[in-house]
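In the working numbering, the protein residues as written are 166 to 432.
Laid out in structure tokens, this is it:
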């Protein structure tokens with residue numbers, strides 16, 4: 166039986182546990198919720214506190230649910246060949262994770278990468294965020310963490326969209342900005358990225374359409390006008406798209422031949 170395995174635990178999206186790359190199936194929603202709560206708050210805590218957080222409306226039956234959930238976690242680890250006592254500290258009053266337990270948590274990695282000043286780290290953070298925290302588990306005790314990580318991911322999308330636009334990756338910038346707007350249509354910085362990307366592509370019609378879209382959304386939802394920064398991005402995108410049009414026109418020449426002129430554009 167393995168005592169010193171490293172548990173790789175994913176809470177973004179659905180709960181997933183790997184012990185030295187071997188899947189560990191935690192059966193039952195109660196057990197999954199307890200496992201997630203222990204990982205997010207690993208220090209030993211009173212059993213009554215844990216039960217009240219997980220099942221606040223259950224009353225006395227919550228203690229039985231906690232015992233059953235703890236048994237299922239132990240059984241799942243044991244079935245995977247892992248010494249459960251190395252991971253869990255449980256006595257009559259408290260339950261927690263062992264201080265020496267080696268855990269790699271995707272939430273920790275995501276937060277570290279998402280808040281990094283390095284653009285490459287922020288790109289990697291997007292790959293780590295496989296979904297909102299503990300999808301499928303509706304326990305209220307996870308709501309604050311879920312909302313915090315949700316907001317951090319949206320801020321990350323805004324940063325990465327701007328990073329990509331700044332380095333000339335207009336297609337990538339549009340992809341990330343669009344994902345952000347699907348999650349929150351009121352994020353003006355995402356509209357600004359799209360306006361800028363369309364301007365760099367020389368598409369005046371899309372620049373105008375996106376600006377009108379953000380104006381309509383803000384007016385409808387908040388009864389406000391766009392920020393001055395959005396107006397400035399719009400004017401800059403119009404100027405950029407006009408410059409593109411002039412460059413394309415300058416590249417056009419006529420190749421005279423024995424028949425009617427043929428329009429040729431440079432590559």
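Even glycine gets a Cβ: it sits at the ideal position worked out from N, Cα and C.
Asked                                                                                                                                                                : Found
Which residues in the same chain have their Cβ closer than 8 Å to the Cβ of residue 327, if we skip the five residues on either side of it in sequence?              : 338, 354, 358
Do the segment 169 to 189 and the segment 296 to 308 meet, that is, are 3 or more Cβ pairs less than 8 Å apart?                                                      : yes
Helix, strand or coil: which one does DSSP assign to residue 175?                                                                                                    : strand
Below 6 Å CB to CB, which residues in the same chain sit around residue 185 once its five sequence neighbours on both sides are set aside?                           : 170
In angstroms with no decimal places, state the Cα-to-Cα distance between residue 114 and residue 356.                                                                : With the chain represented from 166 up to 432, any question about residue 114 goes unanswered, as that position is not in the structure.
What's the C-alpha gap between residue 335 and residue 289?                                                                                                          : 19 Å
Using the rule of at least 16 other Cβ atoms within 10 Å of the residue's Cβ for burial, across every protein chain shown, is residue 277 buried or exposed?         : exposed
Mind listing, in chain order, the continuous alpha helix (DSSP H) runs of no fewer than 4 residues lying wholly within the segment 284 to 364?                       : 284 to 293, 308 to 331, 335 to 348
Helix, strand or coil for residue 207? Go by DSSP, reduced to three states.                                                                                          : coil
Using three-state DSSP, classify residue 186 as helix, strand or coil.                                                                                               : coil
In whole angstroms, give me the CA-to-CA distance for residue 368 and residue 344.                                                                                   : 21 Å
Kindly indicate which three-state DSSP category residue 265 falls into: helix, strand or coil?                                                                       : coil
Here's the rule: buried if 16 or more other CB atoms are within 10 angstroms of the residue's CB, otherwise exposed. What is residue 424?                            : For residue 424, the predicted structure reports a pLDDT of 49, less than 50, and the residue's modelled location is therefore unreliable. A value from the coordinates is still provided. Classification of residue 424: exposed, given that the 10 Å Cβ count is below 16.
Which residues mark the beginning and the end of the alpha helix (DSSP H) in which residue 159 is found?                                                             : The question about residue 159 has no answer, for the chain in this structure spans 166 to 432.
Is it the case that the Cβ atoms of residue 291 and residue 325 are separated by a distance below 8 Å?                                                               : yes
Using only CA atoms, which one of 365, 271, 262 lies nearest to residue 332?                                                                                         : 365
Taking the alpha carbon of residue 198 as the reference point, which residue from 378, 349, 181 has its own alpha carbon closest?                                    : 181
Spell out a yes or no on whether the segment 229 to 241 and the segment 186 to 205 are touching, meaning 3 or more CB-CB pairs, one atom from each, closer than 8 Å. : yes
What residues are listed by DSSP as bridge partners for residue 181?                                                                                                 : 175
Can you tell me where the alpha helix (DSSP H) with residue 366 in it begins and where it stops?                                                                     : From DSSP, residue 366 is part of no alpha helix (DSSP H); its letter is neither H nor E.
Give me the Cα-Cα distance between residue 404 and residue 398, rounded to the nearest whole angstrom.                                                               : 10 Å
Counting along the chain, where does the alpha helix (DSSP H) carrying residue 392 start and finish?                                                                 : Premise fails: residue 392 is in no alpha helix (DSSP H) and is neither H nor E.
Let me check one thing: in DSSP terms, what residues is residue 253 bridge-paired to?                                                                                : 262
Distance, Cα to Cα, residue 282 vs residue 321?                                                                                                                      : 11 Å
Go ahead and pull the three-state DSSP assignment for residue 432.                                                                                                   : Low confidence applies here, because residue 432 scores a pLDDT of 41, under 50, leaving its location unreliable; read the following figure in that light. Of the three classes helix, strand and coil, the one that applies to residue 432 here is coil, per DSSP.
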